[in-house]
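Asks: Handing you a structure now.
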Amino acid sequence: MSESTRPQNAPPNQLDRRGFFRGAAALTVSGIGVAAGVARPEAQTGAAPAIADAAERLEEQTQSALRWIGRDPADWVRPRTGVDHNVVIVGGGQSGLSIAYGLKRKGVGRVSVIDRAAAGETGIWRTIARMPQLRTPKTLAGPELGNAALSFRAWYETLHGTAAFDALDRIPTAAWADYLDWFQRATGTMVRYRTRLIEIEPQGDLLRLHLEADGARRVETARKVVLANGYAGAGGPNVPDFVRALPADVWTHTTGNIPFDALAGKVVGVIGAGSSAFDAAAVALERGAAEVHMFSRRSYIDYPAAPSPQAAPPPDRGYPNLLELSYELPDSVRWRNFLLGDRRVASVPLDSIERAAAFQNFQLHLNSSLSDVARSADGKVTGKVGSKSFRFDHLIAATGYRIDLAAQPELARLHEAIALWRDRYQPSRGEENAAGAAHPYLGAGFEFLPRTETGAEYLRNIHCFNLAAALSFGIPVGDVPSVVDQPRLVTAIARDFYREGVDTAAHERFINAPLTAPPSAPYERAVATRDAA
Ligand SMILES: Cc1cc2nc3c(=O)[nH]c(=O)nc-3n(C[C@H](O)[C@H](O)[C@H](O)COP(=O)(O)OP(=O)(O)OC[C@H]3O[C@@H](n4cnc5c(N)ncnc54)[C@H](O)[C@@H]3O)c2cc1C
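Read in order, the letters of the sequence shown are residues 103 to 635 in our numbering.
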């Protein structure tokens, strides 16, 4: 049985504004209704605007906002013959949609967004995000790139009232998914669904994209590619070897379709103790698992402390304007920032911990690494922690993601030419880290750089906006806070097109053209002196 219920009413690509805004409102209310633990705003406030009125108001407000920021500039990029697209954005999730909007506002045309998923199934929010509300604060800036009327808050408050927004703890996951659908339509972003990038093949400085669209193979050319292909987009899920060695039907990574219904009455082991581990454990327990055992190598679970003035973060943390500049830090600081993240115990929202811990049949094993994992003759998975033995019906690997460009099929032809941190930075003794060394060493516009001094210049036309950019940019790229870095990528693309296409001869002609005076008729009567000499 499928883990998640796919939305029936996947969004059409054409913009039918009235119908769409009404649909957005209805979807949201139903979305919030299904988000466990999050009350419907009407119930909280008793003063929710009527849905149809609110949808009308949202439509009017959005139209006004789009009018007030002015028309989208015309496409100024000089076309190159024989090329299908100026930019192909791989991924129609929040990053891809926001970058597409940014390019549109910069006047960069012939941008195509592709996504291998079907309409309504892009991103993670309706599939593997198993928590009722986002993990990040509700007030963060999102994909709207400064246009406040396109923000989550504007959308939500207009549909449900300001009191409803104030009453939210954090953003309901279903509402965030609905909002992104709405954002896509409000910004008029077309996505070519069911279109998968198979491989990138360089051709001079161009990129030949091998695609599979609805089962048929085709090749399209692009000058630039943006990889907005998600957390798993630079090496895939991280699956420990001892898990991978097991038959595929007895384990699932948290990025996969966990067969929760089949786990009712069964014993489940969860490897890892981050947010996704707790969320998967909670769903298994809610669906009737007999026992869930979670294994953490660490001695404690971290969770956000209640805000305290004494524990103020250093001044360069938590401030979007400064986060945006973390790329400018010296390599040694960026490297140590990564080491700190690697060393730290991942912080889990308190409500995710409590959701699982509320079950008596949930057992957390700290300082515990499973060993001797195998499948026994009766089909169970067996394992040990020290002298203690365990038997499971199913293992869930909540073991995160790995950065390994060699394992990313789309990069099969080029990964060897890409500069990695190990090529550009020599850590001090004791600060070596194999995982960090495998990250790409990116340029300031998120572009890959060639490993060698000459050759492979085409790599600068591939912009990597996924988790692999985390070391270079100091934050998990792709998450909501990383949206502050998108303008940097958009500007870099615009700059490259400008440099490539600028007609310097035309500029010189313009600058050197003789200045001619218009007729003096409007002021002729007042001229007292024509020549002071
Ligand atoms: C479980 C989970 C919970 C999270 N919760 C939060 C949170 O609360 N707050 C927060 O700020 N961040 C959170 N994040 C991090 C981040 O916000 C999400 O991962 C978010 O989905 C990233 O958006 P994205 O657009 O970069 O990638 P995605 O949403 O993953 O979208 C990538 C898209 O690329 C498509 N794609 C991939 N490969 C190809 C290909 N070869 N061809 C065509 N299409 C392709 C996919 O189909 C997908 O639609 C969470 C991450 C996870 C995994």
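Backbone N, C-alpha and C define an ideal beta-carbon position, used for all residues, glycine too.
Cβ of G502 within 7 Å of any heavy atom in ligand 1?
Replies: As a first step, residue 502 is located in the sequence shown; it is residue number 400 there, counting from the start. For ligand 1, not one heavy atom lies less than 7 Å from the Cβ of G502.
Asks: Going by other Cβ atoms of all chains shown within 10 Å of its Cβ, with 16 needed for buried, is N614 buried or exposed?
Replies: In the sequence shown, counting from the first residue as 1, residue 614 sits at position 512. N614 comes out exposed.
Asks: When we look at the beta-carbon of E626 and count the other beta-carbons within 10 Å, is it buried (16 or more) or exposed?
Replies: As a position in the sequence shown, residue 626 is number 524, starting the count at 1. That one is exposed.
Asks: Just checking N359 against ligand 1 - is the residue's beta carbon closer than 7 Å to any of the ligand's heavy atoms?
Replies: Position 257 of the sequence shown, counted from the first residue, corresponds to residue 359. No, since every heavy atom of ligand 1 falls outside the 7 Å radius drawn around the Cβ of N359.
Asks: How many Å lie between F362 and P181 at the Cα?
Replies: Here the question's residue 362 lines up with position 260 in the sequence shown. Here the question's residue 181 lines up with position 79 in the sequence shown. If you take the alpha carbons of F362 and P181, they lie about 51 Å apart.
Asks: Do you know offhand how far S622's Cα is from H609's?
Replies: Working through the sequence shown from its first residue, we reach residue 622 at position 520. Working through the sequence shown from its first residue, we reach residue 609 at position 507. Rounded to whole angstroms, S622 to H609 spans 28 Å at the Cα level.
Asks: In chain order, what residues of the same chain lie with their CB nearer than 8 Å to the CB of R632, ignoring the 5 residues before and after it?
Replies: On the sequence shown, position 530 is the one that residue 632 refers to. Taken in chain order, the list of residues that qualify is empty.
Asks: Excluding the 5 residues preceding and the 5 following T147 in the sequence, name in chain order all residues of the same chain whose CB lies nearer than 7 Å to its CB.
Replies: As a position in the sequence shown, residue 147 is number 45, starting the count at 1. Residue placement at T147 is flagged as unreliable, the pLDDT there being 45, under the threshold of 50; a coordinate-derived value is accordingly withheld.
Asks: Under the DSSP definition of a beta bridge, which residues are partnered with V435?
Replies: Here residue 435 refers to the residue found at position 333 when the sequence shown is read from its first residue. Answer by DSSP bridge pairing: none, since V435 is not bridged.
Asks: Looking at Y295: is its Cβ nearer than 8 Å to the Cβ of A220?
Replies: Here residue 295 refers to the residue found at position 193 when the sequence shown is read from its first residue. Here residue 220 refers to the residue found at position 118 when the sequence shown is read from its first residue. By the CB criterion at 8 Å, Y295 and A220 fall inside the cutoff.
Asks: Would you mind working out which of P432, A635, R562, G532 sits nearest E599, comparing C-alpha positions?
Replies: For the purposes of this step, residue 599 is taken as the residue at position 497 of the sequence shown. Checking the sequence, you will find Phe at residue 599 rather than Glu. Looking at the Cα atoms, R562 is the closest of the given residues.
Asks: Run through the stretch 549 to 632 for me and flag every whole alpha helix (DSSP H) of 4 or more residues, listed as ranges in chain order.
Replies: Taking only runs of at least 4 residues, the alpha helix (DSSP H) segments lying wholly in the stretch 549 to 632 are 572 to 575, 588 to 603, 606 to 614.
Asks: What number of angstroms, rounded off, separates the C-alpha of S584 from the C-alpha of A572?
Replies: Indexing the sequence shown from 1 puts residue 584 at position 482. Indexing the sequence shown from 1 puts residue 572 at position 470. Near 9 Å, if we compare the C-alpha coordinates of A572 and S584.
Asks: Tell me whether P432 is buried or exposed, calling it buried when 16 or more other Cβ atoms sit within 10 Å of its Cβ.
Replies: One-based indexing of the sequence shown puts residue 432 at position 330. With fewer than 16 other Cβ atoms within 10 Å, it is exposed.
Asks: Considering only residues of the stretch 180 to 210, which uninterrupted alpha helix (DSSP H) runs meet the minimum length of 4 residues and lie entirely inside it, listed in chain order?
Replies: 196 to 207
Asks: Confirm, please, whether the CB-CB distance from A382 to T677 is below 8 Å.
Replies: Outside the modelled stretch of the chain, which goes from 103 to 635, sits residue 677, for which no answer is possible.
Asks: Determine the DSSP secondary structure at I134, reduced to helix, strand or coil.
Replies: To locate residue 134, count along the sequence shown from 1; it is residue 32. A caution first: I134 carries a pLDDT of 34, below 50, which makes its placement in the model unreliable, though a value can still be read off. Three-state result, I134: helix.
Asks: Please go through the stretch 435 to 473 and give each complete beta strand (DSSP E) segment of 3 or more residues, from N-terminal end onward.
Replies: 464 to 467
Asks: Tell me whether A635 sits in a helix, a strand or coil according to DSSP, three-state version.
Replies: Numbered from 1 along the sequence shown, position 533 holds the residue referred to as residue 635. Three-state result, A635: coil.
Asks: Determine the extent of the beta strand (DSSP E) in which T275 is found, giving its start and end residues.
Replies: Stepping through the sequence shown from its first residue, residue 275 is reached at position 173. Note, T275: premise wrong, no beta strand (DSSP E); alpha helix (DSSP H) at 275 to 288.
Asks: Using only the alpha-carbon positions, how far apart do Q528 and A537 sit?
Replies: Within the sequence shown, residue 528 is the residue found at index 426, counting from 1. Within the sequence shown, residue 537 is the residue found at index 435, counting from 1. About 14 Å.
Asks: Sorry if obvious, but does the Cβ on R228 come closer than 7 Å to a heavy atom of ligand 1?
Replies: On the sequence shown, position 126 is the one that residue 228 refers to. Result no, Cβ not under 7 Å from ligand 1.
Asks: Mark L365 as exposed unless 16 or more other C-beta atoms lie within 10 angstroms of its C-beta, in which case mark it buried.
Replies: Position 263 of the sequence shown, counting from 1, holds the residue named residue 365. Classification of L365: buried, given that the 10 Å Cβ count is 16 or more.
Asks: Excluding sequence positions up to five away, which residues of its chain have a Cβ less than 8 Å from the Cβ of A546?
Replies: For the purposes of this step, residue 546 is taken as the residue at position 444 of the sequence shown. Excluding sequence neighbours, A546 sits near Y429, R590, A594.
Asks: For a test of the three-state rule: what should DSSP assign to V394, helix, strand or coil?
Replies: Here residue 394 refers to the residue found at position 292 when the sequence shown is read from its first residue. Strand, per DSSP.
Asks: Measuring straight from C-alpha to C-alpha, what distance separates L80 and R438?
Replies: In this structure the chain extends from 103 to 635, so residue 80 is not present and cannot be described.
Asks: Excluding five sequence neighbours on each side, which residues of the same chain lie with their C-beta closer than 7 Å to the C-beta of V582?
Replies: Here residue 582 refers to the residue found at position 480 of the sequence shown. Taken in chain order, the residues that qualify are T238, L242, G244.
Asks: In terms of residue numbering, what span does the alpha helix (DSSP H) encompassing F380 cover?
Replies: Position 278 of the sequence shown, counting from 1, holds the residue named residue 380. That run of the alpha helix (DSSP H) goes 377 to 388.
Asks: Taking H262 as part of the beta strand (DSSP E), name the residues at either end of that continuous run.
Replies: Residue 262 sits at position 160 when you count from the first residue of the sequence shown. Counting along the chain, H262 falls outside any beta strand (DSSP E), though it belongs to the alpha helix (DSSP H) covering 254 to 262.
Asks: Would you list the residues sitting across from Q163 in a DSSP beta bridge?
Replies: By one-based count along the sequence shown, residue 163 stands at place 61. Residue pairing from DSSP leaves Q163 without any beta-bridge partner.
Asks: For R218, count neighbouring Cβ atoms within 10 angstroms of its own Cβ and tell me buried if that reaches 16, exposed if not.
Replies: Here residue 218 refers to the residue found at position 116 when the sequence shown is read from its first residue. Per the 10 Å Cβ criterion, buried.
Asks: I'd like to know if the stretch 499 to 515 and the stretch 297 to 312 are in contact, where contact means that at least 3 CB-CB pairs between them fall below 8 Å.
Replies: yes
Asks: Ordered along the chain, which non-local residues of its own chain (more than five positions away) have a Cβ less than 6 Å from that of V341?
Replies: Within the sequence shown, numbered from 1, the residue matching residue 341 stands at position 239. Here the set comprises H355, A499.
Asks: Which stretch, first to last residue, makes up the alpha helix (DSSP H) that contains V345?
Replies: Taking the first residue of the sequence shown as 1, we reach residue 345 at position 243. Per DSSP, V345 belongs to the alpha helix (DSSP H) from 343 to 346.
Asks: Start and end of the alpha helix (DSSP H) containing R218?
Replies: In the sequence shown, counting from the first residue as 1, residue 218 sits at position 116. It is not in any alpha helix (DSSP H) - R218 carries neither H nor E in the DSSP assignment.
Asks: Could you check where the alpha helix (DSSP H) with W523 kicks off and where it finishes?
Replies: Locating residue 523 in the sequence shown gives position 421, where the first residue counts as 1. For W523, the enclosing alpha helix (DSSP H) stretches over residues 523 to 526.
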